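Enquirer: One structure follows; several queries about it will come next.
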Amino acid sequence: MERRAFLTSLGFGMGASILAPSLVQSSNINGEGSTIQTGDWKGLRKLFPLTHDYIQLSTFLLASHPKPVADAIEKHRRALDENPSDYWHQHFLTIDSEISNSAAQYMGGKGENIALTDSTTMGLSMVYSGLKLHAGDEILQTVHDHYSTDMALVHRANRSGVKIQRIALYDNPANVNVEDVLDRLKSAINRDTRVFAATWVHSSTGVKLPIREMADEIARLNKKRKAAQQILFCVDGVHGFGIENQDVSELGCDFFIAGTHKWMFGPRGTGVIWGNDKAWQQTEAVIPSFSGSYDVWMGLAKPEQVPVGEHMSPGGFHSFEHRWALPEAFKLHLQLGKENVQSRIHQLNQQTKNGLGKMAHVTLYTPQSSAFSSGLVCFDVKGMKPETVVTSMHEKGIIMSSTPYRTSYARFAPSLLNNEQEIELALAEIRAMG
Ligand SMILES: Cc1ncc(COP(=O)(O)O)c(C=O)c1O
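1 is the number of the first residue of the sequence shown in full-length UniProt numbering; add one for each residue after it.
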């Protein structure tokens, strides 16, 4: 009753959250925000409090908050600390759809098809836990996926008798090619396969999969299958998202799942799931939403009035100051220009690969072509363990990472927060290890 009484006192009435999309789209919770210019990389770097004591070649791991994001977090934090109840009540009706709409402006698709999560891991778990599958159905995944996909699927299989199969889409990452990937995919799909789970850009090797071609292949197979045997294509897109100039609703997959606290520079603890209508229809909510679905539970609205993304966004009270600041990250990327972002990151990655490729003591695992790579460059230095390379570089003032997989490589992640000189300095240190 408290919820309804409050809505009425505000003059919103029943189900206003569902019924007033135009109001939602036109409002802007964070004000005017930043004024960064298209492709202004030096200006962009100044928006980050990231220390200059190091060359940062692993910024994708967890975002440092750029000023517009930090300002929005601070604004919401202060207001929540001063008066949590009133501030939350003033925003909760409209804010989730406002955030989803801002996500859609950046990533494509419809805002109502986007659920808000706290991370890639949460998004993957929501999808793989919620898919309507039967015992004996098979989920096909790849050996290149991250721990988060692997374990979300293991947990699902342990609960439900769903089977998991794994395939390698390439043996030598440096030579990955479309024909081979499609052949391997086709031959691994069988009559029990209902889901194909894959990762856009592999944090293990830096390989970017040809998602569009893979989706087209699955669509061809689906044409020959009955409705109950259709295969859903689910993609962990966290690497690639915030780099590639891509409308994810045109990538061809059914679900696209990503954290927004890596390449996107969004608040730490934020993420999104985009699903097409067909995909969401085949998925149950796992955690109750606190948005429109709460109105359904109260008897104030019908389920069909609740946008699916809202219904699928895990509810409960969150670190709202972070979630509510997320539109600033999308806005920043749009101001920089998606095309510029893509070409800048590929340019710095190409410079890195060209340099490493000339070193006799270095084995490069990431493909040279930006058609098959994005943002991550994985390599070995002869006679050195990846962790030793990382430690030694850290001592020289360069922060990089080793890949957290059973087979581990040294990894650079040249990003918008780097410049050509920094790449040359990092290459010089690797060269000196020869
Ligand atoms: C491919 C991939 N998926 C998922 C994750 C987990 O992301 P999150 O921290 O957003 O859950 C990572 C790395 O952290 C990753 O490399």
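Quick reminder that beta carbons are idealized off the backbone N, C-alpha and C, glycines included.
Here the structure is a predicted model, which means the values were calculated and not measured.
If you measure between the beta carbons of E182 and E217, is that distance less than 8 Å?
Expert: Looking at the sequence itself, residue 182 is Leu, so the reference to Glu does not match. For L182 and E217, yes; Cβs fall inside 8 Å.
Enquirer: Is F265 near L326, with beta carbons less than 8 Å apart?
Expert: no
Enquirer: When the distance is taken between beta carbons, is G259 closer than 8 Å to A360?
Expert: no
Enquirer: I believe H261 touches L62 by the beta-carbon criterion, under 8 Å. Please report the beta-carbon distance rounded to the nearest angstrom.
Expert: 6 Å
Enquirer: According to the Cβ coordinates, are S313 and D96 closer than 8 Å?
Expert: yes
Enquirer: Just to confirm, is the Cβ distance from S125 to A152 under 8 Å?
Expert: yes
Enquirer: Helix, strand or coil for T117? Go by DSSP, reduced to three states.
Expert: strand
Enquirer: Quick check: does the Cβ of T205 come within less than 7 Å of any heavy atom belonging to ligand 1?
Expert: The answer is no for T205.
Enquirer: Between K132 and E284, is the Cβ-Cβ spacing less than 8 Å?
Expert: yes
Enquirer: Tell me where the alpha helix (DSSP H) around G315 begins and ends.
Expert: Careful: G315 lies outside any alpha helix (DSSP H) and carries neither H nor E.
Enquirer: Under a three-way DSSP split, which group does W41 fall into?
Expert: helix
Enquirer: Enumerated in chain order, which unbroken segments of the beta strand (DSSP E) with a length of 3 residues or greater are wholly contained in the stretch 310-387?
Expert: 362-364, 377-381
Enquirer: Quick check: what's the CA-CA separation for A426 versus T403?
Expert: 18 Å
Enquirer: Ligand 1 and T199: does any heavy atom of the ligand fall closer than 7 Å to the residue's C-beta?
Expert: yes
Enquirer: Note the first and the last residue of the continuous alpha helix (DSSP H) segment covering A426.
Expert: 420-431
Enquirer: Is there contact here, the stretch 374-381 with the stretch 199-215, by at least three beta-carbon pairs under 8 Å?
Expert: yes
Enquirer: Under a three-way DSSP split, which group does A219 fall into?
Expert: Residue state, collapsed to three classes: helix.
Enquirer: Between which two residues does the beta strand (DSSP E) containing E138 stretch?
Expert: Start and end: 138-142.
Enquirer: Under the criterion of a Cβ to heavy atom distance below 7 Å, does G299 qualify as lining ligand 1?
Expert: no
Enquirer: Using 10 angstroms around the beta-carbon of D311, count the other beta-carbons present and answer buried if the total reaches 16, otherwise exposed.
Expert: Looking at the sequence provided, one finds His at residue 311 rather than Asp. H311 comes out buried.
Enquirer: Give me the Cβ distance between D277 and I257, rounded to the nearest whole Å; I'm assuming they're in contact under 8 Å.
Expert: Wrong, their Cβ atoms sit about 17 Å apart, outside the cutoff.
Enquirer: Could you say which of A410, G130, G299 lies nearest to V362 if we only look at CA atoms?
Expert: A410
Enquirer: Just mark D295 as buried or exposed, buried being the case when its beta carbon has 16 or more other beta carbons within 10 Å.
Expert: buried
Enquirer: Measure the alpha-carbon distance for F233 versus D53 and round it to whole angstroms.
Expert: 43 Å
Enquirer: Determine the extent of the alpha helix (DSSP H) in which I95 is found, giving its start and end residues.
Expert: 95-107
Enquirer: Any idea if F196 is buried or exposed, counting beta-carbon neighbours within 10 angstroms, 16 or more meaning buried?
Expert: buried
Enquirer: Given a threshold of 16 other Cβ atoms within 10 Å of its Cβ, counted over all protein chains shown, does E74 qualify as buried or as exposed?
Expert: exposed
Enquirer: Going by the CB atoms, is the gap between T59 and L336 shorter than 8 Å?
Expert: no
Enquirer: For E387, which option in D150, S374, R406, S369 has the closest C-alpha, if you only look at C-alpha atoms?
Expert: Ranking D150, S374, R406, S369 by Cα distance to E387 puts R406 first.
Enquirer: Can you list, in chain order, the residues of its chain whose CB lies under 6 Å from that of N245, leaving out five sequence neighbours each side?
Expert: These residues qualify, in order along the chain: K338, E339, Q342.
Enquirer: Which class does K75 belong to by DSSP, given the choice of helix, strand or coil?
Expert: helix
Enquirer: Three Cβ pairs or more, each shorter than 8 Å: is that satisfied between the stretch 344-355 and the stretch 414-428?
Expert: yes
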